[in-house]
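Asks: Here it is, the structure in full.
Put into structure tokens, the structure is as follows:
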């Protein structure tokens with residue numbers, strides 16, 4: 001929660017500074033906290049109306065960061081406007097008005113690119129069945145989201161499975177890592193949640209071994 005609010009504060013500071021600098025010529029410095037507050041309202045409305053649910057709560061925390069910046073900026077606004085550098089529009093301000101939006105959208109792009117696009121629903125061990133091979137199956141869970149369940153077979157007895165990465169650019173590729181487990185008569189399983197998948201799905205280990213879909217999955 002606090003991490004998400006911190007990200008919101010980061011973006012809120014960028015919006016506040018951009019609006020404050022742009023307001024130097026008109027002298028309407030109050031627009032800086034006002035615009036930041038309006039973005040807070042827009043983000044909260046988006047989280048409630050468009051996103052909803054648990055994910056909507058996360059977006060709401062992001063909006064809370066804008067609210068914090070708006071309140072703190074309002075409190076310090078009289079102090080900021082007393083300083084000479086805050087009243088004079090300079091060449092540095094022109095560069096700031098160019099660089100701040102670039103920083104804003106670059107940070108959003110980096111966040112989208114680096115964001116984990118999966119979550120682990122459950123993981124554990126089950127008793128090894130003689131002759132059973134490793135397999136995966138795709139099922140639909142709440143709100144149309146997908147679940148990829150990877151179950152290790154007899155060849156991985158005594159091993160557990162962890163998700164290494166999920167690539168959703170193009171056909172969905174799930175890469176899992178095989179790690180040492182506990183009992184030698186058990187093998188690992190993992191349930192991975194995804195917002196959506198793109199066929200054909202590929203599930204493989206970090207060693208490049210492909211895990212085939214279950215027989216029921218192939219029939220479907």
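Residue numbers (the working numbering): 1 to 220.
Every residue gets a Cβ at the ideal spot worked out from N, C-alpha and C, and that includes glycine.
Keep in mind that this is a model prediction, so the values were computed, not measured.
Where do the N-terminal and C-terminal ends of the beta strand (DSSP E) with residue 129 fall, by residue?
Replies: Where residue 129 is concerned, there is no enclosing beta strand (DSSP E), given that its DSSP letter is neither H nor E.
Asks: May I have the straight-line CA-CA distance separating residue 178 from residue 187, to the nearest angstrom?
Replies: The straight-line gap from Cα to Cα measures roughly 10 Å.
Asks: By how many angstroms is the C-alpha of residue 23 removed from the C-alpha of residue 66?
Replies: Cα to Cα, the separation comes out at about 19 Å.
Asks: By DSSP, does residue 187 sit in helix, in strand, or in coil?
Replies: Here residue 187 sits in strand by DSSP.
Asks: Is residue 100 buried or exposed, if buried means 16 or more other CB atoms sit within 10 Å of its CB?
Replies: It counts as buried.
Asks: Under three-state DSSP, which class holds residue 95?
Replies: Note: residue 95 maps to helix in three-state DSSP.
Asks: Alpha carbon to alpha carbon, how far is residue 130 from residue 204? Give it in angstroms, no decimals.
Replies: Distance between the alpha carbons of residue 204 and residue 130 is about 22 Å.
Asks: Residues in its own chain within less than 7 Å of residue 97 by CB, not counting five upstream and five downstream?
Replies: Cβ within range, chain order: 18, 21 and 22.
Asks: Would residue 119 pass as a contact of residue 58 if the rule is Cβ separation under 9 Å?
Replies: Cβ distance not < 9 Å, so residue 119 and residue 58 don't count as in contact.
Asks: Who are residue 213's beta bridge partners in DSSP?
Replies: Note: residue 213 sits in a beta bridge opposite 136.
Asks: Could you give the residue range of the beta strand (DSSP E) that holds residue 203?
Replies: 202-205 is the span of the beta strand (DSSP E), which, as asked, contains residue 203.
Asks: Which class does residue 192 belong to by DSSP, given the choice of helix, strand or coil?
Replies: Note: residue 192 maps to strand in three-state DSSP.
Asks: Looking at the unbroken beta strand (DSSP E) that takes in residue 19, where does it start and where does it end?
Replies: First-last for residue 19: 2-22, but that is the alpha helix (DSSP H), not the beta strand (DSSP E).
Asks: Could you name the residues that DSSP lists as bridge partners for residue 173?
Replies: For residue 173, which the question treats as bridged, DSSP gives the partners 167 and 202.
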